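To start, the structure under review is shown below, and the notes come after it.
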Amino acid sequence: MVSLRVIILTWEFPPRIVGEISSYTDRLAAELTKRSVEVHVVTYHEAMSGLFQAPDGVKIYRIQNPVETHFNVVTWDLTLSVEFERVLSNIYYQNRGEIDLIDAHEWLCSLPSLAAKRWFDINLVWTAHSLEDQRSASANAPLNIAIKNLELLAAQEADRVIVKSEFVKAELTRVYGVPDSKIDLVQPSSPTWIDEVMNSYKKAAI
Amino acid sequence: MNEPTAGTELLNVTMLSWEFPPRIVGGIAPHVHDLSLELSRRGVSVDVITCDFPGTAEEEEIDGVRVHRVDSYKFPTTDFASWAFMMNANLKRRAFEILRPKRGLVQIIHAHDWLAAVAAIGLKHVLRTPLIATIHSTEQGRRGGIHTDYQRMIHQTESWLTHEAWRIICCSGYMASEVSSAFGLPRESIQVIPNGVDSTKFARPFSKDDLRRRYADPTEKLVLYVGRLVYEKGVGVLVSAVPRVLSKVNAKFVIVGDGYMRDDLSREARRMGVADRIFFTGFLDDDTAKALYRCADVCVVPSLYEPFGIVALEAMASGTPVVATNAGGLGEIVDHERTGVHVFPNDPDSLAWGILRVLTAEGLSKALASNAYEKALRVYSWKGIAERTERVYRQVLAEYSAGFWKPV
């Protein structure tokens, strides 16, 4: 019996490993599946490389960027976002709209999560692993401002925001004015981590 | 290909364009405006989603066309393309809200150029609604090839848009070939529908003598150029041709428009000793520019690259004889010695010959102008263009209905 149907949007997933989001979403997908959650992972992969055993029961969709040439990460993300939208729409329609939740990771998946939220009425969790304000030491160059705008978008649209540290939680409130009550602090090292994630999902899905 | 179905049910179209009057940057704004209004007159329900502009309403209805102006992203950006993509994020975000009450009703998404690609393709997949794209020009054509990664990104975005579109509309056979070869598309996926011209805009009453005297002496022939002062428009070739024309005829060259070549062009005019015969007016308001066509003895379109050639068409609709190169779409609009005079591109001798041909043979000049006027009405009326566009919409809808790709 499926308890929840979730689409995870992430720009890295094994075997593509850029930072820690890859192993995090890998573990997340596996643990959710063990708890009878139907998991769809939509992720970016230009060329398959490296050995990787997909967690049992997890459906993985790998997309490429429809525009290959870019000279900054924002335009790269905005064209890739359209592919995210295409695939998540296909999943939505193929499952006759029976999707309960989107879990979008980082600002890179802000835009597609917007489509899910505003057109499909799917509730949205945004997992903020880090924030541009700390990654780029408060830089306010045009590129950083664009990224912050996309972070703000996700912060505003999300029904729940998951963070992994007190620090990011405080920063979300300071930089984007996200109310404390909307943020769930879920530490991956906690023995009850996956239950806390599930609690956050359930709060968002209501 | 299926025959177009002559459906009569109400059509619902959403247009996406980065410019719409009064925000006018290039030719897309007047095109989308005139097309939308004429479609609306035919009973098509049209929503235009576009960028905002100072002093305009966020929501406005113009002759039945609902115009939605969206925050165009006003933070600083590193370059134009980055701005365009961020603007598209805003466009898409608002489009979901605007179209929400019309859920299940929107039948066609019609995007204009790569500047609306990100929003349009996203909407296509989320709404599962067929996408039609009008490609007004290509990066490859505008730049004479793809030379930098920046240009390559735009080129690939154009390519992506054309491959995602159910049908592509180009405004000339020349553009259709260019789009087909640049993006590797079958020629059958591209429909040629020309740009239109509203001849009534050239028939408004004004004092011809007063206006003409502001630009030229009554003893001088008035040679008119309208367009941006940029390389691909061939305005430099026109300036080089000036002394050759003046050696035979007393004339004033009125150059309307602005661009990065302006200083170079005036320097060149001074060097050749003809500075007093060339009047750089800068940008003129629409009414003055349209009236000026009717004061001119000849209108010159010396373009080296021209996707369509709207200036030639405007001259034709105003009853002014045209001298044009046969670059790009101009070759299809102007028929040599019938609706105008063709000259070789990038050839000041040929251009001077063409101008003199019109200025020195009054009978020919009158015949060219009257044939041209007749062609402008017959081939390029917005009424006919809207009709052809609606036919494309209905044909795409018939194909879509027969398929399985649907929202439910």
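Chains A and B supply the protein sequences, listed in that same order.
Read in order, the letters of the first sequence correspond to residues -15 to 190 in the numbering used here.
Read in order, the letters of the second sequence correspond to residues 139 to 546 in the numbering used here.
Ideal Cβ placement from N, Cα and C applies to all residues, glycine included.
These numbers come from a predicted model, not from an experiment.
B:F218: first and last residue of the uninterrupted beta strand (DSSP E) it sits in: Taking the second sequence and counting its residues from 1, the one referred to as residue 218 of chain B is at position 80. Run containing B:F218: none in the beta strand (DSSP E); it sits in the alpha helix (DSSP H), F218 to L237.
Give a yes or no on whether 7 Å exceeds the smallest Cβ distance from A:F68 to chain B. For this step, residue 68 of chain A is matched to residue 84 along the first sequence. Not a single CB atom of chain B sits nearer than 7 Å to the CB of A:F68.
Do B:H250 and B:V170 have their CB atoms nearer than 7 Å? Here residue 250 of chain B is taken as the residue at index 112 of the second sequence, counted from 1. Here residue 170 of chain B is taken as the residue at index 32 of the second sequence, counted from 1. Taking a C-beta distance under 7 Å as the contact criterion, B:H250 and B:V170 qualify as a contact pair.
Determine the DSSP secondary structure at B:D402, reduced to helix, strand or coil. By one-based count along the second sequence, residue 402 of chain B stands at place 264. Annotated three-state conformation of B:D402 is helix, per DSSP.
Ordered along the chain, which non-local residues of its own chain (more than five positions away) have a Cβ less than 6 Å from that of B:R382? One-based indexing of the second sequence puts residue 382 of chain B at position 244. Excluding residues within five positions, the ones whose Cβ falls inside 6 Å are A490.
Could you spell out the range, first to last residue, of the beta strand (DSSP E) harbouring B:C189? Numbered from its first residue, the second sequence carries residue 189 of chain B at position 51. Going by DSSP, B:C189 is part of the beta strand (DSSP E) stretching over S183 to C189.
Under 7 Å between beta-carbons, which chain B residues line up against A:T53? List them in chain order, please. Position 69 of the first sequence, counting from 1, holds the residue named residue 53 of chain A. What A:T53 touches in chain B: D287, R290, M291 and Q294.
Who are the neighbours of B:E235 on chain A, taking C-beta pairs under 8 Å? As a working mapping, residue 235 of chain B is identified with position 97 in the second sequence. Going along chain A in sequence order, the residues near B:E235 (Cβ under 8 Å) are R102.
Can you give me the Cβ contacts of B:F344 inside the same chain, cut-off strictly under 7 Å, excluding the 5 residues immediately before and after it? As a working note, residue 344 of chain B is residue 206 in the second sequence. Apart from the 5 residues on each side of it in sequence, B:F344 sits with its Cβ closer than 7 Å to the Cβ of A429 in its chain, given in chain order.
Would you kindly work out how many angstroms separate the C-alpha atoms of B:I259 and A:I86, rounded to a whole number? Against the second sequence, residue 259 of chain B aligns to sequence position 121. Against the first sequence, residue 86 of chain A aligns to sequence position 102. Going from the Cα of B:I259 to the Cα of A:I86 covers about 21 Å.
On the three-state DSSP scale, how would you describe A:H89? Your numbering for residue 89 of chain A matches position 105 in the first sequence. It is a strand residue.
Selection from B:A254, B:L175 and B:S385 that minimises the alpha carbon distance to B:G520: Position 382 of the second sequence, counted from the first residue, corresponds to residue 520 of chain B. Correcting the residue type first, residue 520 of chain B is Trp in the shown sequence and not Gly. Nearest neighbour of B:W520 by Cα position, chosen from B:A254, B:L175 and B:S385, turns out to be B:L175.
Buried or exposed for A:E116, going by 16 or more other Cβ atoms inside 10 Å? Counting from one through the first sequence, the residue named residue 116 of chain A turns up at place 132. Buried, because 16 or more other Cβ atoms sit within 10 Å of the Cβ of A:E116.
Partner residues on chain A for B:I259, Cβ-Cβ distance less than 7 Å: As a working mapping, residue 259 of chain B is identified with position 121 in the second sequence. In chain order: V66.
Any beta carbon from chain B within less than 7 Å of A:L92's own beta carbon? As a first step, residue 92 of chain A must be located in the first sequence, where it is residue number 108. Judged by the 7 Å Cβ criterion, A:L92 is not in contact with chain B.
According to DSSP, is B:C309 part of a helix, a strand, or is it coil? Along the second sequence, read from residue 1 onward, the residue named residue 309 of chain B stands at position 171. Coil, per DSSP.
Between the segment 130 to 162 of chain A and chain B, which residues of the former have a C-beta closer than 8 Å to a C-beta of the latter? Listed in chain order, the positions of the segment 130 to 162 of chain A with a beta carbon within less than 8 Å of a beta carbon of chain B are A130, N133, L134 and L137.
Distance cutoff 7 Å, beta carbons only. Does A:S20 sit that close to anything in chain B? On the first sequence, residue 20 of chain A is found 36 positions in, with the first residue counted as 1. Between A:S20 and chain B, the shortest Cβ-Cβ separation is not below 7 Å.
B:R400 versus B:V438: straight-line alpha-carbon distance, rounded: Counted from its first residue, the second sequence places residue 400 of chain B at position 262. Counted from its first residue, the second sequence places residue 438 of chain B at position 300. Straight-line Cα distance between these residues: approximately 17 Å.
Is it buried or exposed, A:G81, if we count other Cβ atoms within 10 angstroms and call 16 or more buried? Counting from 1 along the first sequence, the entry for residue 81 of chain A is found at position 97. Classification of A:G81: exposed, given that the 10 Å Cβ count is below 16.
Quick check: what's the CA-CA separation for B:V203 versus B:T152? Stepping through the second sequence from its first residue, residue 203 of chain B is reached at position 65. Stepping through the second sequence from its first residue, residue 152 of chain B is reached at position 14. If you take the alpha carbons of B:V203 and B:T152, they lie about 10 Å apart.
Against chain B, with Cβ distances strictly below 7 Å, would A:A99 count as a contact? Reading the first sequence from its first residue, position 115 is the one you call residue 99 of chain A. It does: the Cβ of A:A99 has a partner Cβ on chain B nearer than 7 Å.
Which residues in the same chain as B:I236 place their Cβ atom closer than 6 Å to its Cβ, once the five residues preceding and following it in sequence are excluded? Counting from one through the second sequence, the residue named residue 236 of chain B turns up at place 98. Cβ neighbours of B:I236 beyond the five flanking positions: H206.
Quick one: does B:P332 have its CB under 7 Å from some CB of chain A? Walking along the second sequence from the start, residue 332 of chain B turns up at place 194. B:P332 does not count as touching chain A.
Based on the DSSP output, what are the partners of B:L269 in its beta bridges? By 1-based counting over the second sequence, the position of residue 269 of chain B is 131. In the DSSP output, where bridge partners are listed per residue, B:L269 has B:I247.
Taking the beta carbon of B:V163 as the centre, do at least 16 other beta carbons fall within 10 Å, making it buried, or is it exposed? As a working note, residue 163 of chain B is residue 25 in the second sequence. In summary, B:V163 is exposed, with fewer than 16 beta-carbon neighbours lying within 10 Å of its beta-carbon over all protein chains present.
Runs of alpha helix (DSSP H) wholly within the segment 31 to 106 of chain A (minimum 4 residues, chain order): Runs of the alpha helix (DSSP H) lying entirely within the segment 31 to 106 of chain A and spanning at least 4 residues, in chain order: 57 to 78 and 94 to 104.
Secondary structure of B:T143, DSSP reduced to three states: Start at 1 with the first residue of the second sequence, and residue 143 of chain B comes out as number 5. Residue confidence is low: B:T143 scores 47 on pLDDT, short of 50, so the model does not pin down where it sits. No coordinate-derived value is stated.
Have a look at B:N140 and B:I270 and give me their C-alpha separation to the nearest angstrom. Here residue 140 of chain B refers to the residue found at position 2 of the second sequence. Here residue 270 of chain B refers to the residue found at position 132 of the second sequence. Per-residue confidence for B:N140 stands at a pLDDT of 39, beneath the threshold of 50, marking its modelled position as unreliable; the derived number appears in the next sentence. Cα-Cα distance, rounded: 17 Å.
Looking at chain A, which residues of the segment 249 to 281 of chain B have a Cβ within less than 8 Å of any of its Cβ atoms? Against chain A - using a Cβ distance shorter than 8 Å - the residues of the segment 249 to 281 of chain B are V256, I259, G260, H263, V264, L265 and R266.
Can you check whether the C-beta of A:T27 is within less than 7 Å of a C-beta belonging to chain B? Your numbering for residue 27 of chain A matches position 43 in the first sequence. Taking Cβ atoms only, chain B never reaches closer than 7 Å to A:T27, which makes this a no.
Short of 7 Å Cβ to Cβ, which residues in the segment 72 to 89 of chain A face chain B? Those would be S73 and Y77, in chain order.
Neighbour-count burial assignment, B:R351, 16 or more Cβ in a 10 Å radius: Counted from its first residue, the second sequence places residue 351 of chain B at position 213. Of the other Cβ atoms in all chains shown, fewer than 16 fall within 10 Å of the Cβ of B:R351; this residue is therefore exposed.
I want to see whether chain A comes within less than 7 Å of B:E141, judged by CB atoms only; does it? Sequence index remark: in the second sequence, residue 141 of chain B carries index 3 (1-based). With a pLDDT of 41 at B:E141, under the threshold of 50, the predicted position of this residue should be treated as unreliable, though the coordinate-derived value follows. No, because no Cβ of chain A sits closer than 7 Å to the Cβ of B:E141.
B:P214 CB to nearest chain A CB: under 7 Å? Your numbering for residue 214 of chain B matches position 76 in the second sequence. Taking Cβ atoms only, chain A reaches closer than 7 Å to B:P214, which makes this a yes.
Any C-beta of chain B within less than 7 Å: which residues of the segment 111 to 127 of chain A qualify? The segment 111 to 127 of chain A vs chain B, Cβ under 7 Å: P126 and L127.
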